[in-house]
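Residue 176 in this note's numbering sits at position 137 of the sequence shown, and the numbers go up by one each step.
From the three backbone atoms N, C-alpha and C, an ideal C-beta is built for every residue, glycine too.
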Amino acid sequence: MAITLYTTDDDFKLTKTIITESIANKKWAKPIFDESVALNLEAIDEPPVYIPLGQYINMNKPDPNIDQGTRLDQESDIAVQLTHLSKQLIRSTEFVFYKISGDNVDLCPPKHVKNFDQYWVDTRVAEANVRAFATSLSAKTIQNCRDVAKAIVLKHADDLAFREKMRSNNENERAAYFGNLATPAMKYFIFRNQFQALKFAFIFHKATRSVPAEETIRQNLCLRVDFITATMLYTTYAHRLQVEAAKPFVNRDEIPGTNDAILVAYKLCTSRNPLAHLPKNLTLLPVTRDILSKKNLTTPKNNEAEAFPDLDENFN
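As structure tokens, then:
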């Protein structure tokens, strides 16, 4: 997704100044990265246990022995609420597909809704709730990318290496450079909502796993996270953060509609090389040991809950 880059020294200076002023004006807060997620990931450290998502997908399958006549026994508003397991399945599915559609819609609704054969109003409402949760999750991920991209620009905009790379004619090299600047803690921050279900340490532990099939899963997921991180950070910088000093100042980060190109890039990631041919088997995803516990859920910080302009209505 090519775009003109503004690469004079004044352009870089103004771009950084705008971010700095947004902190001073309390319009943006620098994200706090949890560096502890990178601990114990060296090859000499004990590798994380592999727990596949498949067993939890099976837990959410309909009960074939359910009495079909009990459908109306629950209060209607309670019946369509997403369960904790449903939300964890949505987090896992969105991580791979970036949308909820087709068979994935059938995978994620609560078991107590799927137990009944007939497609009814509670089925439709539950599926709408699944899509809404996935939409919000994707929006938060894109917002996290913006926060990380701002932090990187704030730190590196004055570096000669950063400026020279942004002046490169090769867009892939520019994106890869952003990816190289992203630390493990930054990658975790971007996908921290998805990593409430999935095991970050399994993906980024540096030792080759003793089971070849597990190592293939690990490498594919590592490639996925690295590629999407690089792509989304660069796209965010190019379409949302950079400014041109020679023209009257317009802060594109605050313009309605600026998210469209970033949204398109996010949704297209899985269909682009090198991810296009990677397997997308949800049952093999590595999950946290406490996937069923609500204790591992984090509280939003650093304005994570702020409105994401002009996104939701066009997101599905």
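Alpha helix (DSSP H) segment containing residue i, residue limits
{"i": "Q258", "result": "P251 to T275"}
{"i": "P223", "result": "P223 to I229"}
{"i": "R369", "result": "The chain is shown from 40 up to 355; residue 369 falls before or after that span and cannot be answered."}
{"i": "Q127", "result": "H123 to F136"}
{"i": "T54", "result": "D48 to A63"}
{"i": "F10", "result": "Nothing in the structure corresponds to residue 10, since the chain is present only between 40 and 355."}
{"i": "V76", "result": "From DSSP, V76 is part of no alpha helix (DSSP H); its letter is neither H nor E."}
{"i": "Y305", "result": "N298 to L307"}
{"i": "D142", "result": "D142 to L146"}
{"i": "K319", "result": "Neither: K319 is in no alpha helix (DSSP H) and is coded neither H nor E."}
{"i": "V282", "result": "It is not in any alpha helix (DSSP H) - V282 carries neither H nor E in the DSSP assignment."}
{"i": "H151", "result": "K150 to K153"}
For residue i, the nearest candidate out of the options (CA to CA)
{"i": "D186", "options": "A224, N208 and V169", "result": "A224"}
{"i": "I181", "options": "T47, A196, R328 and T274", "result": "T274"}
{"i": "A188", "options": "I139, K179, T255 and T268", "result": "T268"}
{"i": "P371", "options": "R213, A304, A277 and K226", "result": "Examination of residue 371 is not possible in this model, given that the chain is present from 40 through 355 alone."}
{"i": "L262", "options": "S207, K319 and D50", "result": "K319"}
{"i": "G218", "options": "F266, A190 and P91", "result": "F266"}
{"i": "L260", "options": "Y276, S249, K238 and H278", "result": "K238"}
{"i": "S131", "options": "A200, A173 and K100", "result": "A173"}
{"i": "D84", "options": "K245, M271 and A315", "result": "K245"}
{"i": "A315", "options": "R248, V135 and A221", "result": "V135"}
{"i": "G141", "options": "N209, A214, E166 and Q258", "result": "E166"}
{"i": "Y276", "options": "K153, E253, Y216 and V264", "result": "Y216"}
{"i": "I242", "options": "Q258, N99 and P251", "result": "Q258"}
{"i": "F51", "options": "S310, N208 and R202", "result": "R202"}
{"i": "T222", "options": "T56, D73 and R206", "result": "D73"}
{"i": "T309", "options": "N99, I58, V264 and K66", "result": "V264"}
{"i": "N211", "options": "P313, D49, P251 and K66", "result": "P313"}
{"i": "L302", "options": "E60, K153, Y137 and K66", "result": "Y137"}
{"i": "T322", "options": "R213, N64, I57 and G93", "result": "G93"}
Cut-off 8 Å between Cβ atoms - residues of its own chain near residue i, not counting five sequence neighbours on either side
{"i": "A240", "result": "V76, N79, L80 and P87"}
{"i": "V169", "result": "L121, S125, I129, I139, V144, C147 and P148"}
{"i": "L176", "result": "I129, R130, E133, N232 and Q233"}
{"i": "N208", "result": "none"}
{"i": "I42", "result": "A277, H278 and A300"}
{"i": "R248", "result": "P86, Y89, E254 and R257"}
{"i": "K333", "result": "H123"}
{"i": "M98", "result": "L124 and K150"}
{"i": "T59", "result": "L193"}
Identity of the residues DSSP links to residue i by a beta bridge
{"i": "P91", "result": "P325"}
{"i": "L237", "result": "V326"}
Other residues of its chain near residue i: CB distance less than 7 Å, five sequence neighbours each side excluded
{"i": "I229", "result": "T180, N183, C184, V187 and T268"}
{"i": "T386", "result": "Any question about residue 386 goes unanswered here, given that the chain covers just 40 to 355."}
{"i": "T54", "result": "V192, A196, L280, Q281 and V282"}
{"i": "A304", "result": "M40, T270, M271 and T274"}
{"i": "L220", "result": "I191 and H195"}
{"i": "D49", "result": "A284"}
{"i": "N355", "result": "Note that N355 scores a pLDDT of 33, beneath 50, so its modelled location is shaky; the value from the coordinates is reported in the next line. For N355, where only same-chain residues beyond five positions count, the Cβ hits under 7 Å are R170 and T174."}
{"i": "K153", "result": "P101"}
Distance between beta carbons of residue j and residue i, contact taken as under 8 Å
{"i": "P91", "j": "L324", "result": "7 Å"}
{"i": "E253", "j": "Y95", "result": "Not quite, the Cβ-Cβ distance comes to about 18 Å (not below 8 Å), so this is no contact."}
{"i": "H123", "j": "L331", "result": "7 Å"}
Close-in-space but distant-in-sequence residues of the same chain around residue i (CB under 6 Å, 5 per side omitted)
{"i": "A82", "result": "K245 and A246"}
{"i": "Y45", "result": "Q281 and E283"}
{"i": "A171", "result": "none"}
Heavy atom of the ligand GDP within 7 Å of residue i beta-carbon
{"i": "T174", "result": "Only the bare structure without any ligand can be found here, which leaves the ligand GDP out of the picture."}
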